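Read the structure below first, then the notes.
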Amino acid sequence: MRVTKDVLTTGEVAKICNVAPRTVSKWFDSGQLKGYRIPGSKDRRIPLNQLVKFMKDHGIPLDGLNTGHTRVLVVDDERDIVDALRKVLSEQAHYEVRTALNGFEAGMECERFKPHVLLLDIHLGEGDARAVANLVRGSEDLQMTRIIAMSGKLTDAQAMQLKPQGFDGFLKKPFQVRQVIQAIEQSTNIAA
(Lines of atoms letter the chains of each structure in order from A; the text may use other names.)
(Lines give C-alpha, C1' and ligand atoms only; values in the text may rest on other atoms or scores of the structure.)
Protein backbone atom coordinates (compact mmCIF):
# COMPACT_ATOMS: atom_id res chain seq x y z
CA MET A 2 0.00 0.00 0.00
CA ARG A 3 1.34 3.43 -0.94
CA VAL A 4 1.21 5.66 2.15
CA THR A 5 1.01 9.36 1.34
CA LYS A 6 -0.38 10.73 4.59
CA ASP A 7 0.87 10.99 8.15
CA VAL A 8 -2.22 9.59 9.95
CA LEU A 9 -3.92 6.29 9.05
CA THR A 10 -7.23 4.55 9.75
CA THR A 11 -7.40 1.08 11.30
CA GLY A 12 -8.41 -0.30 7.89
CA GLU A 13 -5.33 1.21 6.24
CA VAL A 14 -3.09 -0.13 9.02
CA ALA A 15 -4.70 -3.57 8.59
CA LYS A 16 -3.84 -3.60 4.87
CA ILE A 17 -0.26 -2.52 5.55
CA CYS A 18 0.24 -5.17 8.26
CA ASN A 19 -1.76 -7.83 6.38
CA VAL A 20 -4.14 -8.45 9.29
CA ALA A 21 -7.86 -7.96 9.98
CA PRO A 22 -9.03 -4.47 11.03
CA ARG A 23 -10.27 -6.00 14.32
CA THR A 24 -6.68 -7.05 15.10
CA VAL A 25 -5.54 -3.44 14.68
CA SER A 26 -8.35 -2.31 16.99
CA LYS A 27 -7.17 -4.80 19.62
CA TRP A 28 -3.58 -3.52 19.35
CA PHE A 29 -4.91 0.03 19.75
CA ASP A 30 -7.27 -0.76 22.65
CA SER A 31 -4.56 -2.64 24.55
CA GLY A 32 -2.20 0.35 24.23
CA GLN A 33 0.36 -1.52 22.13
CA LEU A 34 -0.29 0.67 19.08
CA LYS A 35 -0.41 4.38 19.92
CA GLY A 36 -2.90 6.72 18.34
CA TYR A 37 -6.06 8.65 19.15
CA ARG A 38 -9.84 8.47 18.77
CA ILE A 39 -11.84 10.95 16.72
CA PRO A 40 -13.86 13.04 19.24
CA GLY A 41 -17.52 12.01 19.32
CA SER A 42 -16.76 8.79 17.46
CA LYS A 43 -15.28 5.37 18.07
CA ASP A 44 -13.01 5.75 15.03
CA ARG A 45 -9.29 5.38 15.69
CA ARG A 46 -6.39 7.10 13.97
CA ILE A 47 -2.77 5.95 14.02
CA PRO A 48 0.10 8.34 13.20
CA LEU A 49 2.51 6.86 10.64
CA ASN A 50 5.52 7.27 12.94
CA GLN A 51 3.74 5.25 15.65
CA LEU A 52 2.88 2.51 13.16
CA VAL A 53 6.50 2.21 12.01
CA LYS A 54 7.70 2.05 15.62
CA PHE A 55 5.10 -0.63 16.43
CA MET A 56 6.02 -2.67 13.35
CA LYS A 57 9.72 -2.54 14.17
CA ASP A 58 9.13 -3.39 17.84
CA HIS A 59 7.03 -6.43 16.92
CA GLY A 60 9.05 -7.69 13.95
CA ILE A 61 6.29 -7.00 11.43
CA PRO A 62 7.75 -6.71 7.90
CA LEU A 63 7.73 -3.15 6.60
CA ASP A 64 7.24 -4.28 2.99
CA GLY A 65 3.65 -3.03 2.87
CA LEU A 66 4.77 0.45 3.80
CA ASN A 67 5.60 2.60 0.79
CA THR A 68 5.56 6.23 1.85
CA GLY A 69 5.25 7.84 -1.60
CA HIS A 70 7.61 10.61 -2.74
CA THR A 71 10.67 11.05 -0.59
CA ARG A 72 10.72 14.48 1.08
CA VAL A 73 14.21 15.98 1.37
CA LEU A 74 15.16 19.17 3.21
CA VAL A 75 18.53 20.63 2.17
CA VAL A 76 20.11 22.94 4.76
CA ASP A 77 23.30 24.81 3.87
CA ASP A 78 24.38 28.43 4.19
CA GLU A 79 25.86 28.37 0.66
CA ARG A 80 23.00 29.29 -1.65
CA ASP A 81 24.61 27.80 -4.78
CA ILE A 82 24.91 24.38 -3.10
CA VAL A 83 21.29 24.56 -1.92
CA ASP A 84 20.04 25.60 -5.36
CA ALA A 85 22.09 22.95 -7.18
CA LEU A 86 20.92 20.16 -4.85
CA ARG A 87 17.29 21.28 -5.11
CA LYS A 88 17.42 21.25 -8.90
CA VAL A 89 19.21 17.92 -9.26
CA LEU A 90 17.30 16.04 -6.55
CA SER A 91 13.90 17.16 -7.77
CA GLU A 92 14.59 16.74 -11.50
CA GLN A 93 16.78 13.62 -11.57
CA ALA A 94 15.63 11.67 -8.53
CA HIS A 95 12.08 13.10 -8.42
CA TYR A 96 12.27 13.88 -4.71
CA GLU A 97 10.10 16.54 -3.13
CA VAL A 98 12.76 19.07 -2.09
CA ARG A 99 12.71 22.15 0.12
CA THR A 100 15.63 24.23 1.32
CA ALA A 101 16.82 26.38 4.21
CA LEU A 102 19.85 28.64 4.59
CA ASN A 103 20.15 28.69 8.39
CA GLY A 104 19.17 26.83 11.53
CA PHE A 105 16.06 28.90 12.19
CA GLU A 106 14.68 28.32 8.69
CA ALA A 107 15.59 24.63 9.00
CA GLY A 108 13.65 24.27 12.25
CA MET A 109 10.58 25.96 10.81
CA GLU A 110 10.74 23.93 7.61
CA CYS A 111 11.20 20.64 9.51
CA GLU A 112 8.00 21.25 11.46
CA ARG A 113 6.01 22.21 8.33
CA PHE A 114 7.49 19.82 5.75
CA LYS A 115 8.27 16.77 7.94
CA PRO A 116 11.12 15.58 5.72
CA HIS A 117 12.09 11.94 5.36
CA VAL A 118 15.71 13.05 4.92
CA LEU A 119 17.52 16.13 6.18
CA LEU A 120 20.76 16.99 4.34
CA LEU A 121 22.45 19.23 6.90
CA ASP A 122 25.69 21.18 6.51
CA ILE A 123 27.50 20.52 9.79
CA HIS A 124 29.26 23.91 9.61
CA LEU A 125 26.01 25.83 9.25
CA GLY A 126 26.80 28.29 11.99
CA GLU A 127 27.68 28.50 15.65
CA GLY A 128 26.03 25.33 16.93
CA ASP A 129 23.15 25.66 14.46
CA ALA A 130 23.54 22.23 12.83
CA ARG A 131 23.62 20.35 16.11
CA ALA A 132 20.68 22.40 17.39
CA VAL A 133 18.68 21.41 14.29
CA ALA A 134 19.65 17.75 14.79
CA ASN A 135 18.55 17.97 18.44
CA LEU A 136 15.24 19.54 17.40
CA VAL A 137 14.57 16.71 14.96
CA ARG A 138 15.53 14.00 17.45
CA GLY A 139 13.39 15.64 20.15
CA SER A 140 10.25 15.93 18.02
CA GLU A 141 7.84 12.99 18.07
CA ASP A 142 6.59 13.98 14.60
CA LEU A 143 10.11 13.78 13.14
CA GLN A 144 11.25 10.42 14.53
CA MET A 145 11.39 8.91 11.03
CA THR A 146 13.54 11.75 9.66
CA ARG A 147 17.05 10.64 8.74
CA ILE A 148 19.79 13.25 9.18
CA ILE A 149 22.76 13.19 6.82
CA ALA A 150 25.58 15.56 7.73
CA MET A 151 27.52 17.31 4.96
CA SER A 152 31.01 18.79 5.33
CA GLY A 153 34.26 19.26 3.50
CA LYS A 154 36.20 19.98 6.68
CA LEU A 155 35.68 16.91 8.88
CA THR A 156 38.22 14.11 9.08
CA ASP A 157 37.01 10.52 8.86
CA ALA A 158 37.48 10.17 12.63
CA GLN A 159 35.37 13.28 13.27
CA ALA A 160 32.69 12.02 10.88
CA MET A 161 32.49 8.76 12.87
CA GLN A 162 31.66 10.82 15.98
CA LEU A 163 28.49 12.19 14.38
CA LYS A 164 26.36 9.06 14.84
CA PRO A 165 26.18 9.34 18.67
CA GLN A 166 25.15 12.98 18.14
CA GLY A 167 21.99 11.97 16.25
CA PHE A 168 23.24 11.87 12.65
CA ASP A 169 22.43 8.88 10.44
CA GLY A 170 25.00 9.43 7.71
CA PHE A 171 27.75 11.63 6.34
CA LEU A 172 28.59 13.09 2.92
CA LYS A 173 32.04 14.55 2.36
CA LYS A 174 32.08 17.69 0.19
CA PRO A 175 32.65 17.92 -2.68
CA PHE A 176 30.38 15.04 -3.60
CA GLN A 177 28.81 13.71 -6.77
CA VAL A 178 25.06 13.65 -7.34
CA ARG A 179 24.98 9.85 -7.36
CA GLN A 180 26.59 9.82 -3.89
CA VAL A 181 23.86 12.10 -2.54
CA ILE A 182 21.08 10.02 -4.10
CA GLN A 183 22.69 6.81 -2.81
CA ALA A 184 22.92 8.25 0.73
CA ILE A 185 19.26 9.30 0.61
CA GLU A 186 18.13 5.92 -0.72
CA GLN A 187 20.11 4.03 1.93
CA SER A 188 18.82 6.22 4.74
CA THR A 189 15.17 5.88 3.68
CA ASN A 190 15.29 2.10 3.59
CA ILE A 191 12.92 1.86 6.58
CA ALA A 192 13.80 -1.74 7.35
CA ALA A 193 17.46 -0.85 7.88
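The working numbering applies: residue 2 is where the sequence shown begins, and numbers increase by one. Where is the CB? At the ideal position from N, CA and C, for every residue including glycine. Please read these numbers as outputs of a predicted model, since none were measured by experiment.
State yes or no: is the C-beta of Val-73 within less than 8 Å of the C-beta of His-117?
In the sequence shown, counting from the first residue as 1, residue 73 sits at position 72. In the sequence shown, counting from the first residue as 1, residue 117 sits at position 116. In this structure, His-117 lies closer than 8 Å to Val-73 by Cβ.
Since Ile-149 and Phe-171 are thought to touch, with beta carbons under 8 Å apart, how far apart are those beta carbons, to the nearest angstrom?
Within the sequence shown, residue 149 is the residue found at index 148, counting from 1. Within the sequence shown, residue 171 is the residue found at index 170, counting from 1. With a contact defined as Cβ atoms closer than 8 Å, Ile-149 and Phe-171 qualify at about 7 Å.
For the alpha helix (DSSP H) that contains Asp-157, what are its first and last residues?
Taking the sequence shown and counting its residues from 1, one reaches residue 157 at position 156. Per DSSP, Asp-157 is one residue of the alpha helix (DSSP H) stretching across 157–161.
Could you tell me the alpha carbon to alpha carbon distance between Leu-95 and Lys-88, rounded to whole angstroms?
Your numbering for residue 95 matches position 94 in the sequence shown. Your numbering for residue 88 matches position 87 in the sequence shown. Contrary to the premise, residue 95 reads as His rather than Leu in this sequence. Here the alpha carbon of His-95 sits roughly 10 Å from the alpha carbon of Lys-88.
So, under 8 Å CB-CB, Arg-147 and Ser-188 are touching, yes? Tell me the CB distance rounded to an integer number of Å.
On the sequence shown, residue 147 is found 146 positions in, with the first residue counted as 1. On the sequence shown, residue 188 is found 187 positions in, with the first residue counted as 1. With a Cβ gap of about 4 Å, Arg-147 and Ser-188 count as contacting.
What residues in its chain sit with their C-beta under 6 Å from that of Val-25, if we drop five residues either side in the sequence?
Counting from one through the sequence shown, the residue named residue 25 turns up at place 24. Cβ neighbours of Val-25 beyond the five flanking positions: Thr-11, Val-14, Ala-15.
How should Phe-55 be labelled, buried or exposed, when 16 other C-beta atoms within 10 angstroms of its C-beta is the threshold for buried?
On the sequence shown, residue 55 is found 54 positions in, with the first residue counted as 1. The residue is buried, with at least 16 neighbouring Cβ atoms inside 10 Å.
Start and end residues, beta strand (DSSP E) containing Gly-170
To locate residue 170, count along the sequence shown from 1; it is residue 169. Run containing Gly-170: 170–173, per the beta strand (DSSP E) assignment.
For the putative contact between Gly-153 and Val-133, defined by C-beta atoms under 8 Å, what is the C-beta separation to the nearest angstrom?
Numbered from 1 along the sequence shown, position 152 holds the residue referred to as residue 153. Numbered from 1 along the sequence shown, position 132 holds the residue referred to as residue 133. No, Gly-153 and Val-133 are not in contact; Cβ-Cβ is about 19 Å, not under 8 Å.
Name the two residues that bound the continuous alpha helix (DSSP H) containing Ile-149.
Your numbering for residue 149 matches position 148 in the sequence shown. Counting along the chain, Ile-149 falls outside any alpha helix (DSSP H), though it belongs to the beta strand (DSSP E) covering 147–152.
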